[in-house]
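Residue numbers (the working numbering): 131 to 231.
Here it is in structure tokens:
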């Protein structure tokens with residue numbers, strides 16, 4: 131699975147790969163995956179924490195989740211700094227977000 135993820139990143143837009151991977155990992159047999167765009171994932175990267183426990187137990191999937199989460203956290207930090215009223219507000223929001231992780 132991890133190899134396919136890495137190959138897809140080389141051949142397809144990373145944002146499309148991230149959206150597909152997150153949708154697949156968040157979905158469960160009884161619940162369809164929620165619709166999410168790359169922008170939505172950037173605004174709320176903690177959505178990845180909703181992956182079922184069996185996804186977290188698989189080493190390859192866990193590495194994919196953490197890789198995507200890291201990139202989305204970077205994008206979220208950039209967005210937060212752009213839209214915040216001040217640097218202090220941005221730092222407080224980011225500190226709160228980081229505490230959750």
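C-beta atoms are modelled at their ideal positions from N, C-alpha and C, and glycine is treated no differently.
Check, Outcome
"In whole angstroms, give me the CA-to-CA distance for residue 144 and residue 211.", "22 Å"
"Looking at the structure shown, is residue 210 part of a helix, part of a strand, or coil, going by DSSP?", "helix"
"Decide if residue 151 is buried, meaning its Cβ has at least 16 other Cβ atoms within 10 Å, or exposed.", "buried"
"Evaluate contact between the segment 216-226 and the segment 160-175, counting only Cβ atoms and requiring at least three cross-stretch pairs below 8 Å.", "no"
"Pop quiz: residue 166 and residue 153 are said to be a contact at Cβ under 8 Å. What is the actual Cβ separation, rounded to whole angstroms?", "7 Å"
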